[in-house]
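**Q** This is the structure I have questions about; it appears just below.
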Amino acid sequence: MNNDDVTPEEFAEGLLDPNRPLPEGAKVFAGAAAAAQGRAMLLREDGSEEALQAALGRPGRVPVGGTAHGASPTVRGRVPEVEFAAFTRLATSTGRSQSELVREAIHKLLVEYKLVS
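Positions 10 to 126 (our numbering) are the ones given, in order, by the sequence shown.
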């Protein structure tokens with residue numbers, strides 16, 4: 010059976026099979042070696058370090074509906090100790106950062122007041 014005889018479902022099943030052998034001569038990289046190979050491939054495709062940097066852009070979170078311009082605005086506030094303790098437990102139990110949770114809370118508040126959708 011060649012690849013032309015395989016349905017998309019069979020092909021997907023084959024890719025998900027943990028016992029599927031790697032193709033003959035396949036080179037497998039991990040960690041820093043994988044990152045270096047990926048970067049080399051991108052450089053071959055984009056042609057230069059400058060083109061690669063332009064394509065990748067600046068790392069980090071870009072504001073919703075906007076473009077990155079320096080550091081994001083910072084919001085500071087005080088909360089009662091009991092609420093901060095609960096907030097800390099929430100961050101720990103969800104595995105999310107306090108920043109992520111604050112962004113979500115602010116977004117939900119703005120949606121509730123119909124200031125964003």
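Virtual Cβ for every residue (Gly too), placed ideally from N, Cα, C.
1) Of the choices Leu-61, Tyr-122 and Leu-31, whose alpha-carbon is the least far from that of Arg-48?
2) Tell me which residue opens and which closes the alpha helix (DSSP H) that Pro-30 is part of.
3) Taking the alpha-carbon positions, what's the Leu-99 to Glu-121 distance?
4) In the region 28–68, which residue ranges form an unbroken alpha helix (DSSP H) of at least 4 residues, counting only runs that do not cross its ends?
5) Please report the residue range of the alpha helix (DSSP H) in which Arg-112 lies.
6) Where do the N-terminal and C-terminal ends of the alpha helix (DSSP H) with Val-91 fall, by residue?
7) Within its chain, find whatever has a CB closer than 7 Å to the CB of Leu-51; leave out the 5 residues flanking it on each side and keep chain order.
8) For Phe-96 versus Leu-110, is the C-beta distance shorter than 8 Å?
9) Would you tell me roughly how many angstroms separate the C-alpha atoms of Met-10 and Gln-46, rounded to the nearest one?
**A** Reading off the structure:
1) Leu-61
2) No alpha helix (DSSP H) contains Pro-30, which DSSP labels as neither H nor E.
3) 21 Å
4) 40–55 and 58–65
5) 107–121
6) 90–103
7) Leu-61
8) yes
9) Bear in mind that a pLDDT of 47 at Met-10, under 50, signals an unreliable position, so the number given afterwards is only what the model happens to contain. Those two C-alpha atoms are separated by around 32 Å.
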